[in-house]
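Read the structure below first, then the notes.
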Amino acid sequence: GEQIGSESDLYALGMVLYELLCGKDPYRLRKKAEILEVINVKNQKPPKPLPKDIEAPLADYVLSLLQKEPEMRPASARIAGEDLGKWSANRRDLRQVLKQWVTQYSGGKVRLAAPKKKRSSFWKEAEKPSVGPSVMPEDEFVPHPQGGLLPAFMATIAFLAVLWGVGLWLQRDTHDTTHTRDMQVGTEGKRLTRDDKRVSLAIPLQLQRNKKKKRKVRRRKVAKAVVKRKRVVKRRKRRRRRRVRRRKRRRRVRKRRRRLRRRTRRRRRRRRRRRR
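What follows is the structure, given as structure tokens:
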């Protein structure tokens with residue numbers, strides 16, 4: 397229920413750094429929406445420790461940003477930035493790392509923009525060769541002086557600029573390949589220029605033909621259904637007629653039998669009378 401200030405920003409920075417280092421959130425939550433519920437709990441459990449391969453001072457720095465009490469966190473964002481600048485990468489190796497990354501993902505040689513001729517005294521001193529043998533390994537981190545956030549900011553801008561340039565280069569390459577394919581398909585340029593209208597109308601004409609085919613198929617289906625229905629009706633009528641005819645025949649047969657019985661009875665009676 398308290399107001400949001402710079403302390404909350406430091407806490408968010410700690411969450412981001414923890415996820416960047418471990419790949420997981422410090423509380424191992426299934427949903428991101430549960431973070432606010434965990435933060436608002438009074439008896440909050442401390443975040444899980446960082447892996448052992450991370451340096452102890454860096455782990456302590458990240459855990460100090462994730463403290464529940466705002467007073468336990470760094471006093472200001474400037475102090476936190478200066479502490480974080482101690483673990484930033486060496487400026488001299490940044491160009492080589494970017495060049496390796498670009499050549500690895502682009503699959504070819506890419507030339508990075510060369511620096512300007514006029515350079516500051518700081519860069520000149522950094523580029524002077526050392527007299528003695530180099531003791532520092534390639535992947536070792538070098539702490540920066542105060543105000544170390546500026547070099548890190550410039551490094552991120554340079555990295556994004558390189559990414560943007562690689563994206564434009566790849567997009568241009570794909571555009572060129574598609575253009576060459578179109579040129580290969582339409583090698584006869586004169587015919588294409590004369591038949592531009594036909595080419596432009598080819599797609600809608602094909603769509604109209606497809607619609608006509610669908611209509612014909614539907615009409616055929618309807619006609620077949622009507623024919624089947626008529627056949628069924630005719631069969632039913634025939635069956636009814638046959639039934640009616642059978643009934644009439646049976647009635648006729650019954651009438652004939654009755655007549656014959658009556659005649660036979662009359663004859664018998666007459667014979668009896670004559671005998672008497």
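Going letter by letter, the sequence shown gives residues 397 to 672 in our numbering. Virtual Cβ for every residue (Gly too), placed ideally from N, Cα, C.
- Message: Taking the straight line between their C-alpha atoms, what separation do you get for Pro447 and Cys418?
- Response: Mapped onto the sequence shown, residue 447 falls at position 51. Mapped onto the sequence shown, residue 418 falls at position 22. Cα atoms of Pro447 and Cys418: separation of roughly 7 Å, rounded to the nearest angstrom.
- Message: Using the Cβ count rule (16 or more neighbours within 10 Å means buried), how would you classify Ala621?
- Response: Counted from its first residue, the sequence shown places residue 621 at position 225. Exposed, by the Cβ-count rule.
- Among Gln463, Arg665 and Glu451, the one whose alpha carbon lies nearest that of Met411: If you number the sequence shown from 1, residue 411 lands on position 15. When each option's Cα is compared against that of Met411, the closest is Gln463.
- Query: If we ignore side chains and look at the alpha-carbon of each, how far apart do Arg643 and Lys630 end up?
  - Reply: Indexing the sequence shown from 1 puts residue 643 at position 247. Indexing the sequence shown from 1 puts residue 630 at position 234. Going by the C-alpha atoms only, they are around 20 Å apart.
- Task: Could you spell out the range, first to last residue, of the alpha helix (DSSP H) harbouring Arg474?
- Result: In the sequence shown, residue 474 corresponds to position 78, counting from 1. Run containing Arg474: Ala473 to Gly481, per the alpha helix (DSSP H) assignment.
- Item | Beta-carbon proximity list for Pro529, same chain, < 8 Å, skipping 5 on both sides | Counting from 1 along the sequence shown, the entry for residue 529 is found at position 133. Confidence is the limiting factor: at Pro529 the pLDDT is only 44, short of 50, which leaves the residue's position unreliable and the question unanswerable from this model.
- Task: Using beta-carbon positions only, say whether Pro443 and Tyr423 come within less than 8 Å of one another.
- Result: Counting from 1 along the sequence shown, the entry for residue 443 is found at position 47. Counting from 1 along the sequence shown, the entry for residue 423 is found at position 27. It is a contact, given that the beta carbons lie within the stated cut-off.
- Task: Go to Leu446, then tell me how far its alpha helix (DSSP H) extends in each direction, as first and last residue.
- Result: Here the question's residue 446 lines up with position 50 in the sequence shown. Segment: none, Leu446 is in no alpha helix (DSSP H) and carries neither H nor E.
- Item | Outcome for Glu415 when other beta-carbon atoms lying within 10 angstroms are tallied against a minimum of 16 | As a working note, residue 415 is residue 19 in the sequence shown. Answer is exposed; the Cβ neighbour count stays below 16.
- Message: Please report the straight-line C-alpha distance between Arg658 and Arg667, rounded to a whole angstrom.
- Response: Here the question's residue 658 lines up with position 262 in the sequence shown. Here the question's residue 667 lines up with position 271 in the sequence shown. Their backbone Cα atoms lie some 14 Å apart in a straight line.
- Message: Given a cut-off of 8 Å on the beta-carbon distance, is the pair Ser460 and Arg469 in contact?
- Response: If you number the sequence shown from 1, residue 460 lands on position 64. If you number the sequence shown from 1, residue 469 lands on position 73. Yes; because the gap between Cβ atoms is below 8 Å, this pair is in contact.
- Message: Tell me the residue span of the alpha helix (DSSP H) that contains Gly410.
- Response: For the purposes of this step, residue 410 is identified with residue 14 of the sequence shown, where counting begins at 1. That run of the alpha helix (DSSP H) goes Ser402 to Cys418.
- Message: On the criterion of 16 or more Cβ atoms from any shown chain inside 10 Å, does Arg471 qualify as buried, or is it exposed?
- Response: The sequence position of residue 471 within the sequence shown is 75, counting from 1. At residue 471 the sequence reads Ala, which differs from the Arg that was named. Ala471 counts as exposed, since fewer than 16 other beta carbons sit within 10 angstroms of its beta carbon.
- Buried or exposed (CB count within 10 angstroms, at least 16 for buried), Ala476: On the sequence shown, residue 476 is found 80 positions in, with the first residue counted as 1. Answer is buried; the Cβ neighbour count reaches 16.
- Starting from the C-beta of Leu409, find all residues in its chain whose C-beta is less than 8 Å away, skip the five residues before and the five after it, and write them out in chain order. Working through the sequence shown from its first residue, we reach residue 409 at position 13. Contacts found: Leu461 and Ala476.
- Along the alpha helix (DSSP H) that carries Pro422, what are the first and last residues, could you check? Start at 1 with the first residue of the sequence shown, and residue 422 comes out as number 26. Counting along the chain, Pro422 falls outside any alpha helix (DSSP H), and DSSP gives it neither H nor E.
- Message: Could you tell me the alpha carbon to alpha carbon distance between Ala557 and Ser404, rounded to whole angstroms?
- Response: As a working note, residue 557 is residue 161 in the sequence shown. As a working note, residue 404 is residue 8 in the sequence shown. Approximately 31 Å between the Cα atoms of the pair.
- Task: Consult DSSP for Lys607 and reduce its assignment to one of helix, strand or coil.
- Result: Sequence index remark: in the sequence shown, residue 607 carries index 211 (1-based). The answer is helix: DSSP assigns Lys607 an H, G or I state.
- Task: Count the other CB atoms, across all protein chains shown, that sit within 10 Å of the CB of Leu406; report buried if there are 16 or more and exposed otherwise.
- Result: On the sequence shown, residue 406 is found 10 positions in, with the first residue counted as 1. That one is buried.
- Helix, strand or coil for Leu559 per DSSP? Locating residue 559 in the sequence shown gives position 163, where the first residue counts as 1. Three-state DSSP puts Leu559 in a helix.
- Specify the secondary structure class of Lys612 as computed by DSSP and reduced to three states. By one-based count along the sequence shown, residue 612 stands at place 216. Lys612 falls in the helix class under three-state DSSP.
- Query: Using DSSP with H/G/I as helix, E/B as strand and the rest coil, what is Arg663?
  - Reply: One-based indexing of the sequence shown puts residue 663 at position 267. Three-state DSSP puts Arg663 in a helix.
- What residues in its chain sit with their C-beta under 6 Å from that of Pro600, if we drop five residues either side in the sequence? Counting from one through the sequence shown, the residue named residue 600 turns up at place 204. Taken in chain order, the list of residues that qualify is empty.
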